[in-house]
């Protein structure tokens with residue numbers, strides 16, 4: 017009896033994965049076949065005054081978001097524009113939401129007016145023509161209010177598709193207590209970081225410099241910081257994946273020294289074990305996005321006072337360089353019956369009062385005026401021993417390398433990462449060939465979805 | 412099954428010693444097998460450890476979860492406070508999800524049992540053209556996991572505007588081919604055709620025959636099907652995940668997952684303690700259902716295994 021139940025359960029789990037995959041696939045096929053007209057702007061021209069007028073009319077917009085600060089931003093918005101009612105729905109975090117969004121688009125009903133979409137997933141929805149172009153809404157003037165890298169991330173194929181909320185410029189978060197105890201210097205180059213990792217782990221085999229059990233978002237960000245540009249997209253359907261990309265090779269060679277020698281803790285991110293290890297210092301540092309402090313404060317409270325922030329190590333040790341890791345934008349979805357009010361909402365949220373609320377509640381803002389405000393820069397959280405961490409993180413935001421782009425099917429590509437690169441991590445083998453395998457598999461999928469994929 | 416076999420042969424060996432006076436074999440006085448007891452104890456520990464872990468960790472505060480040993484109680488005993496917080500967090504969202512789960516279970520699993528009973532009886536005791544075809548379809552349907560049907564069902568339901576309503580969960584839950592098959596087999600053996608004929612000769616109409624005679628004979632089978640359906644609906648995750656995007660209609664499975672995901676975002680507020688306490692509260696009703704109904708289930712499972 018038990019045996020059958022267990023098999024049935026295993027079966028069901030397998031089927032879940034299959035079904036989810038099939039769903040993503042059908043969603044994409046449908047989208048790419050209808051993508052012919054998406055590159056051009058949809059012809060709607062509206063101006064700031066049209067948006068202002070729409071915000072005074074009685075209407076309701078539905079917003080899908082999971083960022084915890086959204087609730088208060090919505091309250092502030094409704095207070096300022098009492099005629100617009102916002103129906104805020106948490107339809108799931110990240111990929112859960114994207115699957116639902118893809119489902120709703122495929123079904124043609126139940127699509128929200130506004131939806132939170134991370135930068136890495138935006139091209140997928142934008143090139144498929146699922147988001148409303150914001151060109152001609154008078155929002156392009158906001159360009160100078162954000163850093164180039166952030167504005168690039170919301171501009172797909174020359175068309176403004178969303179407004180940015182938070183960014184995740186990467187920095188080195190390290191546990192000063194552990195670094196002092198084992199006499200490690202705060203690294204400025206990756207070679208030093210590797211040397212620290214060796215020194216720490218040989219001094220105490222329970223200690224690791226960082227944890228990394230294979231994460232596609234981390235890999236793409238690290239390649240980005242190494243100056244890599246493995247993906248290029250031109251037009252709405254032409255994709256080039258360059259497996260000879262020098263940045264990719266540079267990062268893989270460096271990280272290999274940690275991965276193959278077992279210097280990386282294999283604790284999975286965001287688990288209770290991980291937070292425990294961050295709290296007690298068995299994971300001594302993290303290279304991650306600027307949104308991390310709040311998570312450390314709430315989930316790894318035991319490490320309070322021990323942690324510090326430093327700029328991300330680089331390859332040459334002289335020119336500061338960073339990359340984006342995570343971060344979300346808000347897009348108006350195509351088919352919204354109230355696109356003007358929706359555009360007004362995202363403007364309030366990301367380029368207006370909403371961004372200040374967001375920053376006050378622990379978010380890392382993208383809007384320059386908030387990012388550079390003294391009230392933001394002067395924060396000195398006791399968790400970080402009173403260090404003014406936002407000055408370091410703001411500088412990181414300014415040093416993000418420009419010119420990166422994700423695949424228009426990055427959500428799927430990331431989902432198959434464990435099949436190749438994940439396996440290399442598990443077996444502690446060379447990363448570079450595994451990345452090639454991953455790139456090839458991603459490209460194959462892209463071709464099946466109707467993209468013209470060139471793999472170099 | 413294998414375990415029962417071993418038990419029996421072990422008992423057989425115990426009877427064999429020659430010197431004992433020949434007493435009639437008494438199954439209640441079998442000598443205990445040490446190795447078997449050991450294996451069963453290990454199995455028991457293996458099954459109970461996760462439950463124990465859940466209980467231990469549901470009694471900790473969010474901070475103590477990470478700073479104390481995971482396998483033993485530590486710090487302030489916060490179970491009651493956790494329960495209070497779980498029930499009140501986000502304006503009593505948990506209670507609402509609990510109510511939704513109950514609704515889906517009562518309407519979905521209850522309805523599935525009624526339909527399976529009616530259908531199984533009809534298939535077992537009435538002859539009609541195409542019955543073999545129906546058998547083939549039902550058997551085929553048993554082999555298709557309901558998860559695989561979730562996506563096509565979603566597309567169909569979204570066309571007729573049923574997604575994001577409780578119907579999207581209840582209607583698919585009503586279809587239970589395995590239950591139908593079980594009731595069919597059960598009714599075939601448990602309801603003597605002669606009894607039905609006698610009732611008809613006495614002038615009872617078909618509905619009367621069904622309610623006064625068949626239903627009573629079918630009760631163990633029905634309870635088996637009900638238990639299967641209740642467990643399946645209670646734990647149903649994928650269907651509601653696909654069908655619903657409004658948290659107000661979520662069942663507990665999807666709701667708790669959403670609470671869990673709260674920690675995995677920038678600036679997120681992790682509530683692992685509430686997720687754990689919520690999981691503990693969620694399994695209590697199903698445990699009660701099992702304890703109360705297990706004897707019916709046992710008799711249901713063994714019914715038909717011995718030919719009378």
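Residue numbers (the numbering used here), protein chains in the order written: chain A, 17 to 472; chain B, 412 to 719. Here a beta-carbon is modelled for each residue, glycine too, at the ideal position from N, C-alpha and C.
For residue 183 (chain A) and residue 374 (chain A), the rounded distance between their alpha carbons:
12 angstroms
What are the boundary residues of the alpha helix (DSSP H) that residue 154 (chain A) is part of?
Element bounds for residue 154 (chain A): n/a, residue is neither H nor E.
Output the distance between the C-alpha atoms of residue 63 (chain A) and residue 139 (chain A), rounded to the nearest integer angstrom.
25 angstroms
Within the 9 angstroms Cβ cut-off, does residue 492 (chain B) reach chain A?
no
Considering only the alpha carbon of each residue, which of B:518, B:638, B:560 and B:577 lies closest to residue 659 (chain B)?
B:577
Among A:362, A:261, A:168 and A:286, which has the Cα closest to the Cα of residue 674 (chain B)?
A:286
Below 9 angstroms between beta carbons: does that hold for residue 210 (chain A) and residue 155 (chain A)?
no
Segment contact, 8 angstroms Cβ cut-off, at least three pairs: the segment 621–639 of chain B with the segment 140–147 of chain A:
no
Inter-residue Cα distance where the pair is residue 591 (chain B) and residue 526 (chain B)
8 angstroms
To the nearest angstrom, how far is it from the Cα of residue 467 (chain A) to the Cα of residue 425 (chain A)?
10 angstroms
Could you tell me if residue 295 (chain A) is buried or exposed, where buried requires 16 or more neighbouring beta carbons within 10 angstroms of its beta carbon?
buried
Determine the closest residue to residue 720 (chain B) out of A:388, A:260 and A:125, with distance taken between C-alpha atoms.
A query on residue 720 (chain B) cannot be resolved here, the shown segment of chain B reaching from 412 to 719 and no further.
Residue 283 (chain A) and residue 237 (chain A) closer than 9 angstroms at C-beta:
no
DSSP three-state assignment for residue 634 (chain B), whether helix, strand or coil
helix
For residue 357 (chain B), tell me which candidate among B:656, B:449, B:645 and B:657 has the shortest Cα-Cα distance.
This structure cannot speak to residue 357 (chain B), because chain B is shown only from 412 to 719.
On the three-state DSSP scale, how would you describe residue 126 (chain A)?
coil
State buried or exposed for residue 538 (chain B), treating a residue as buried only when at least 16 other CB atoms are found within 10 Å of its CB.
exposed
Taking the beta strand (DSSP E) that residue 247 (chain A) falls in, what are its first and last residues?
247–250
Applying a beta-carbon distance threshold of less than 8 angstroms, which residues of chain A neighbour residue 720 (chain B)?
In the structure displayed, chain B extends from 412 to 719; residue 720 (chain B) sits before or after that span and is not available.
Look up residue 335 (chain A) in the DSSP assignment and give the residues it is bridged to.
Note: residue 335 (chain A) sits in no beta bridge, so no partner.
Look at the alpha carbon of residue 421 (chain B) and the alpha carbon of residue 272 (chain A), and state the distance between them as a whole number of angstroms.
The predicted position of residue 421 (chain B) is uncertain, since its pLDDT is 42 and thus under 50; no value can be drawn from it.
Of the listed residues B:571, B:688 and B:707, nearest to residue 468 (chain B) (C-alpha basis):
B:688
Short check: CB of residue 71 (chain A) to CB of residue 357 (chain A), under 9 angstroms?
yes
Enumerate in chain order the residues of its own chain whose CB-to-CB distance from residue 260 (chain A) is below 7 angstroms, with the five nearest sequence positions on each side excluded.
472
Buried or exposed for residue 718 (chain B), going by 16 or more other Cβ atoms inside 10 Å?
Its pLDDT being 49, under 50, residue 718 (chain B) is placed unreliably by the model, and the measurement read from it follows with that caveat. When all chains shown are included, residue 718 (chain B) counts as exposed.
Quick check on residue 688 (chain B) - is its C-beta less than 9 angstroms from some C-beta in chain A?
no
Could you pull out every unbroken alpha helix (DSSP H) segment of at least 4 residues lying fully inside the segment 377–409 of chain A, listed in chain order?
384–387 and 390–393
For residue 4 (chain A), does the count of other Cβ atoms within 10 angstroms reach 16, so buried, or fall short, so exposed?
Nothing can be reported for residue 4 (chain A): it is not among the residues displayed for chain A, which extend from 17 to 472.
For a contact meaning CB atoms closer than 8 angstroms, what does residue 656 (chain B) contact in chain A?
80, 105, 107, 108, 116, 120 and 126
Does the Cβ-Cβ distance between residue 574 (chain B) and residue 654 (chain B) come in under 9 angstroms?
yes
Of the choices A:350, A:188 and A:267, whose alpha-carbon is the least far from that of residue 302 (chain A)?
A:188
Take residue 481 (chain B) as the anchor and find which of B:487, B:471 and B:490 has the nearest alpha-carbon.
B:471
Residue-chain proximity (residue 380 (chain A), chain B), Cβ-Cβ < 9 angstroms:
yes
Does any CB atom of chain B fall closer than 9 angstroms to the CB of residue 366 (chain A)?
no
Rounded to whole angstroms, what is the Cα-Cα separation between residue 565 (chain B) and residue 459 (chain A)?
29 angstroms
Entirely enclosed beta strand (DSSP E) segments - the segment 71–147 of chain A, minimum 3 residues:
75–80, 100–105 and 130–134
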